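Below is one structure, written out as C-alpha cells, with a few remarks after it.
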Amino acid sequence: MAAREKCVSCGLLSVGGLLIVLGAIMLTVFPVIIRDQVRKRAALGLNPNGTLNEMTAKWADPAFHLKMEVWMISVVNSEAVVNGAKPRVIQKGPFTFREKMHKEGIMFIDNQTKIYYRNKKTYTFERNESCADCDLDYRVTIPSIVFQKAISFAATKGGVIRAAFEVLLKMVSETPFVTVTVGEALFDGYSDKLITAICNHRGLEVMCEKLAHIPKRVGFFYGQNATDDGVYFAHTGQKRIEDLGQIITWKNMTILPSDWWSSSDSLIIKGTDGSLVKPGLDRKDLLHVFVSAICRSTYLSYQSDTEYEGIPAYRYGMSKEILNGSRPENKGFCNPDEPRYYSLASQPVGCLPSGMLDISRCQPGNPPVIISLPHYLYSTEEVQNSIDGLGSPNLSEDEIYVDIEPTAGVTLRAERRMMMNIGMWNADRKISMVENMKNVIIPVLMVNESAFMDDATRDELKGKLINLQKGINTGGIVLLVAGAFLWAVFVVLAIVWSVKKRNESEDNRPLVIHEEVVSMATVDDEVARLQAENDRLRLALTDFNERIVCGRLTGELPDNFLEQFSQLPDRPLEQVLRFLPARQVVKMRHVSRKFNHLIRKCSKTMPKMKRDGTVVLRNNNAGELTVDWFDDCGSKITTTTTSLAGDEVALSELLRFIRIGGRMFFGEGVSAADEVLDQLSKAWLTIHPEVVIFSSDLSHTSQDSLRAFLVKVEPSIRRLNFQNVTNISDSLLSDDVIGAAGRLDGLMVLPMCWGSELRDSNVISDINIGDRTLLAMADAGRVSSYFFVMGCSGITPGGIRAFVEKWTKKERPQVDANFSGFGWPLELCELTFYKCANVTAAAVEEACGDLLKKETIAGADVFVGDSGEMQERVRYTTQCPSSNCRLEILFHYYPFHSHFVNEPRLDDEIDYNYDDDYPDDLDPEIEDDDFDDYDGYDAMDYDDDEDSDLD
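Read in order, the letters of the sequence shown are residues 10 to 960 in this note's numbering.
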C-alpha cells in the first residue's frame, strides 16, 4: 500500500512539474522567438536575386484601402462679412476620392542600410461613393487667396504701389470672396480675375511674380495629383530595426528652411513619413512623424488598447497640446506677425489660438492658409462660435488616430483629419474695400484621409501571427493550470493518506483512562488572583479619571501607567487618549501594536478641537518652532513648541487631534521652511484656513513644499498674502504654484519691506507670476477682491485688458430697482501693480484706454516714478451701476496697507499653557470633511519606529 502511494505521489509531482515548466516556456520563451522572427523580416531590402523583399514590395505598393473624403464649406453671406458681419456657412460632402500610393525611384545604398525613394500619390474622384448631388461642378463661395495676398502686399507698401493695386482691384472687380467649382478649388485650380487681367498681361508679370508672389493658378491641392512631395532618404532598419523608416533627409535637407518657422527645434526633420512603424511597439513609445503637407514634424502618443476585425491593437493619437501655441515647445511654430483675429483670452500675442497652425510661410507665395482640426476641435469656445453653420466638434469624428498591431508594427486603420482655413485680414483698414471687415478666419474645406487594412493582409496577419500568439497563450495557460491541478491533487491525497494513517494508529493504541484530581484550594487561589487583577485595573482607571478636572489632565502619571494602560480595553482607551498630552500619545505608539492601531482609529473617529481664530508659527535662531493660538479677539489661548530638526515628536503629531481654521500666520524666522510645510501637508491633519499669511524668511522654502501646502488648504483658502517676506527666490512663486490654491478672492505679493525704503528702491526681485494668475482672479466669488503685486514681470498690459474684459462680462445679480438706501453691497475689485517691469500707467492706458476711465486721486501727494520724475497718483476705473460693482487699477504702494494683515499682539494672553495639552476650552466638533483625505497611518513621520516592539 505504501509503495503504491509513493508511486502515485511521485507521478503527480513529476507530471505536474513538467506541465508547469512547459507552460512557463510557452508563455515566456516562445513570444521572444516570434518577436525575433518578426524583427528579421521587418527591414526593407532586396532578395538575393535583386528583387524587392516581401516587406519592401508591400511598402512600395500598399494594398490598403485608401480614400480621401472632402467636405466643402461655402460662405452664404459674403457681402455682409465684408461689412463686418459674422460669417455664415453651409457644408457639402463628402466628395470622395480613391487614393493610390506608390513608391518610385527606390535606390538602396550603404549595404542596403539606407534608401532613397519618392512617395507618389494619385487621386481619382468616385462619384458613386460621394453624396447624392456631390459633383465636381458644384459651385462654392470661398475667401479669395489672391485678393488676400494682393492687399497684404499693398498694405505693406506706400504711395504709388498701394494706390495702383487698389485701383487695379476695383477695375477688375476683384472681391474678397470668389465663387468656383469644387474641382477648381481642389486639384484643377482656378484662374483669378486679378491673375487673368493683370498677372497674365505682358509686362506686368514681374509685379505679380517677383513683387507680390501671386501664383498664376490657385487650388488647395493644385499640382498635387499624380505627383510626389520630394525625395526621401531614410534608414531601412537593416542595421537597427528601431530606425526603420526614420528620415535622414527630405529634399536633400536635414532641417527645414529657416524662414518657415521661428526656432531651431521647430525646423528639425524627425521621424518617419508615416508609412512605416517599427515592430515591437511599446505603449510608452512616441511615434514621430514628418508631415510634408503641414511642413513640420509632429508625434502621436499612446491612447488606449483597441481591436480591429479581431486583431488586438494599440491606438495612437495626436495630443491636443501639439497645436497649443502657448506652450514653450510650440512657440517656434507661431508667426510673430500673426494678425489678431480673436481676443487675448483665446489668441496669444504673435500666435494663433490653440488647435490652429499657420502654414503660410512654407507655402509658395505665402498664402494665408491656416490648418486646424475639423470644427475647431481643441480650440476655445470663442473660436468654435465664430462661424455660424459650422457645427460643434466631436472627438470621435474629428480626432487623428492610427491603430497598430504592436508585435509586427502593422497599421490596421488610420484616420487623418484636418480643416483648411483662410485668414481674412482687413489690412489694418488701409484698403477701402475691406475697411469695414473684421479680421476673421474662415474654413473652406474639411478632409478625412482614411486607410483600412485589406482582406489579404488581415488574413495573413491573423494566420501567421495573431492565431499563433493566441494558440501559444492558450496552450501555456492550459499547461500551467493542468500542472497546478495535478499538484493540488497530490496535496489532497497526501492529506487524506495522512489522516487515514493517524486514525489507523489511534485505533491500534491501547485504551488508557487518566484520572486527574483538582483540589478546591487550587480553584479558590485562581479565582482570588483573577479578582485581584480586575480590582487593580479598575483602580488604575479610577485613579486616571480623578486626574481629569474640567476636561483637563492634571498631575503626573504613575510610573507603571503605560503597563496598566496597555491592559485596558479599547473603549476606555479611546476616552483616555483625548486627555493625554500629545508627546505622551506619541511615546505610547512605541509600546505595542495595540496603541498604533488605536491611534490610527482615533485619528479618524475622535472629535477634534476646533481652532477658528489665528494660529501663528514662529521660528527662533535656535531652530525652535513655536505655534501660538489666538481667539477671535486676539487673546492667546495656548502655545505649542517643537523643533525643526531632532525633536522626537513631529509637528504633525502635535496637531493630530486639532482642527485648524480661521487664519494661518507664518511669522518670524524660517517658519515656512520645507520641514514645516511638509508636516502641515500630512493627510491626517485637518487644516481649513480661510486666510494664509506668509511674513517670514522664505530662504528654506521650495516650490514643491509650498505647492503641496496650498493644495492641502485649497478647499478653504480664500485670501493669500506674501507680505514683508524676505529672501524670496525668483523661481518660488509662479502661476503653477499660486494656481494650486484654487480660486482666490485676494492675493498680495510684497517681496520686501515697504514704506520709505520701497519708494527709494527700483531693484525688485523678479517674481514669475503672470497673466494666468491675474485672469483667474476675475472669477473671485466674494463681494470684494484684490490683487496686489510688486516686482512681477510676467504681468502684461494685454493680460490686464483680458482681465478687464472678463471681469466686465461676469454675471452678477442685478441691483433691485426698488431698493433704497446704502445696504446693497458694493463689489470692489482692486488691482495694484507696483514696480512691475511691463506694467505702467501709460502702458495700461494704451492697452485698455477704451475700457477704463482715468482718475486723479484727490488729495494724494505726487510721488517719484520709475523714471525719476514727479508724478501724480492716478487710477483707472470702470463701474457697472446695474450690479453696483467697481474695478480700480492703481500703481503705487499705498493700497498694500488696506489688506495688510497684522500679527496678533502677544500682551493680552490668557494663562492656558499646558505644554502641548489639548485643552477642552472649545467644544470639540467632528466635521464631515475632517477625514476625507485620511490615508491611514502608513505615512507617519516615525516610519522607522512604526513597527517597533510589535513582534
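Cβ atoms here follow ideal geometry from the backbone N, Cα and C, with glycine treated the same way. Here the structure is a predicted model, which means the values were calculated and not measured.
Residue ranges of each alpha helix (DSSP H) within the region 800–825, 4 or longer: 806–818
Minimum length 3: unbroken beta strand (DSSP E) runs contained in the region 415–487: 419–433, 449–461
Rounded straight-line distance, which links the Cα of Ala682 to that of His709: 5 Å
Beta bridge counterpart(s) of Met262 as assigned by DSSP: Trp259
Local conformation of Met673 per DSSP, three classes: strand
Buried or exposed by the 16-neighbour rule on C-beta atoms within 10 Å, applied to Pro968: No answer is possible for residue 968: the residues shown for the chain start at 10 and end at 960.
Rounded distance between the beta-carbons of Gly359 and Pro345, thought under 8 Å: 4 Å
When Thr695, Leu707, Glu684 are compared against Arg668, the one with the closest alpha-carbon: Thr695
Inter-stretch contact at 8 Å, needing at least 3 Cβ pairs: the region 226–233 / the region 256–266: no
Whole-angstrom distance between Asn893 and Gly830, CA atom to CA atom: At Gly830 the pLDDT is 44, less than 50, meaning the model places this residue with poor confidence and gives no usable figure here.
Proximity winner among Ser313, Ala423, Asn457, Asn394, relative to Pro383 (alpha-carbon distances): Asn457
Identified DSSP bridge partners for Pro152: Phe186
Runs of beta strand (DSSP E) lying entirely within the region 34–94, each at least 3 residues, in chain order: 74–84
Rounded distance between the beta-carbons of Glu414 and Leu353, thought under 8 Å: Not quite, the Cβ-Cβ distance comes to about 46 Å (not below 8 Å), so this is no contact.
Those residues which DSSP pairs with Ser313 across a bridge: Arg324
Boundaries of the alpha helix (DSSP H) in which Ile331 is found, first to last residue: Taken as a continuous stretch (DSSP letters only), Ile331 belongs to no alpha helix (DSSP H), as it is neither H nor E.
Chain-order list of residues whose beta-carbon lies under 6 Å from that of Ser770 (same chain, five-residue window excluded): Bear in mind that the predicted position of Ser770 carries a pLDDT of just 42, short of 50, making it unreliable; the figure below should be weighed with that in mind. Closer than 6 Å at Cβ, skipping near neighbours: no residue.
Alpha carbon of Ser23 to alpha carbon of Val17, nearest angstrom: 10 Å
Whole-Å CB distance - Arg127 paired with Glu113, under 8 Å assumed: 5 Å
Beta-ladder partner(s) of Thr695, from DSSP: Arg668
Buried versus exposed call for Asp924 [16 or more other C-beta atoms within 10 Å across all chains shown]: Unreliable placement is indicated for Asp924, whose pLDDT of 38 sits below 50; no coordinate value is reported for it.
Given Met761 as reference, the closest of His297, Gln688, Phe905 once Cα atoms are compared: Phe905
Element boundaries [beta strand (DSSP E), containing Val98]: 98–118
The beta strand (DSSP E) enclosing His297, as first and last residue numbers: 295–300
Cβ-based burial, Val85 [other Cβ within 10 Å; buried from 16]: exposed
Among Tyr885, Phe675, Leu689, nearest to Leu664 - alpha-carbon criterion: Leu689
Own chain, CB closer than 8 Å to Val798, minus 5 neighbours either side, in chain order: Leu756, Met757, Val758, Ile776, Ile778, Ile804, Thr841, Phe842, Tyr843, Cys845
At least 3 beta-carbon pairs within less than 8 Å: the region 128–145 vs the region 235–244: yes
Short Cβ contact (7 Å threshold) for Pro103 with Trp80: yes
C-alpha gap between Ser661 and Val910, whole angstroms: 26 Å
Length of the line joining the Cα atoms of Ile809 and Gln356: 14 Å
Sheet register partners of Val240 (DSSP bridge): Arg127
Status (buried if at least 16 other CB within 10 Å, exposed otherwise) for Ile486: exposed
Rounded C-alpha distance that separates Tyr308 from Ala66: 26 Å
Reduced DSSP secondary structure (H/G/I, E/B, other) of Cys16: helix
Under 7 Å between C-beta atoms of Ser272 and Gly341: yes
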